[in-house]
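Have a look at the structure below before the remarks.
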Amino acid sequence: ANVFKFANVRDPAAGAVRLAAALASLREVLGSVQVAAEGVNGGVAYPSELEAAVAEAFADLVGAVRLNADETRTAPYLALRVKHRPKALADGLGRLDWTDCGEAINAERWHRESTDPIDVRNSYESALGTFAGAQPLHTETFADSWPHLETLLARRDRAAPLYLFCTSGVRCVKAGAYLKQRLGFCDVRRLQDGIVGYERWLASRDQPPRSIFTGETFLFDRRRYLPRAAPPAILAPPP
């Protein structure tokens, strides 16, 4: 499951130790999680019967979280690592309000209404697969996004709807906050749970519509989807 939550963590170093202990006590949880003053971000794998306990472990640190989870054939992680980091997601930005980041829209609504969406992933991810009409940023790291967004959207109407997507949703939170607070866009709409959530929505339908995503999804872990859930994943070390 991908999991992130932007919230004030007063002592992130102690929080990382506490979260690591709570997850380790469940014995069958593996993953990689970053804890920072701004919140948590990462991925965890666990047997389905432990989902409530995993959610509770995160909630004790940052409040209620959304576990963006899919079934897998094999364990996507080899160990459990919970680390204190300066940022839960490195961004190269100063302080912004991550709660003011636009509207999260579900996959069904995204499928129906998204037009010319902005792909806030990196170039090697966009090259493997993307949504119809998507506009990539051509970046190598997420921290490179900001001047590319300014150039790409220089002539875009600040009042018109602006659609964003990434793999799991976390990068869209920061990109949405930047677009609203620094560039003045008032109607930012983010794909909730990202591409993996969209693929899961398609797979859950008895008669799914034709996908507007083509290609493959780049994943930063060892996940393997069940055949009904998504096309094959491309693997890479964690960023």
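For the sequence shown, our numbering begins at 40 and goes up steadily by one. Glycine included, each C-beta is placed from N, C-alpha and C at the ideal position. Since the structure is predicted, the reported quantities are computational estimates derived from the model, not experimental observations.
Beta-bridge pairing by DSSP links I157 to Q174 and L203.
Counting along the chain, G254 sits inside the beta strand (DSSP E) bounded by residues F252 to G254. Ranked by Cα distance from G233, the first of A129, S153, R134 and L117 is S153. Considering only A84, K126 and T256, the residue with the shortest C-alpha distance to S162 is T256. CA-to-CA, the gap between E95 and A103 works out to about 8 angstroms. In this model, R221 and L135 are separated by some 9 angstroms (Cα to Cα).
Between T178 and H187, the C-beta spacing is below 8 angstroms. By the beta-carbon neighbour count (other beta carbons within 10 angstroms, threshold 16), S64 is exposed. With 16 or more other Cβ atoms inside 10 Å of its own Cβ, E77 counts as buried. Shown here, K126 sits in coil according to DSSP, grouped into three states, outside any helix or strand. The three-state secondary structure of R197, taken from DSSP, is coil. Annotated three-state conformation of R57 is helix, per DSSP.
The C-alpha of G223 is placed about 21 angstroms away from the C-alpha of C205.
For a cut-off of 8 angstroms, the C-beta gap from H123 to P200 is around 38 angstroms, too long to register as a contact. Linking S71 to D109 through their CA atoms gives a straight-line distance of about 16 angstroms.
Residues H150, F170 and A171 of the same chain have their beta carbon placed closer than 7 angstroms to that of I251, with the five preceding and five following residues left out of the count. Of the residues L192, R66, N145 and G131, the one whose Cα lies closest to the Cα of D155 is L192.
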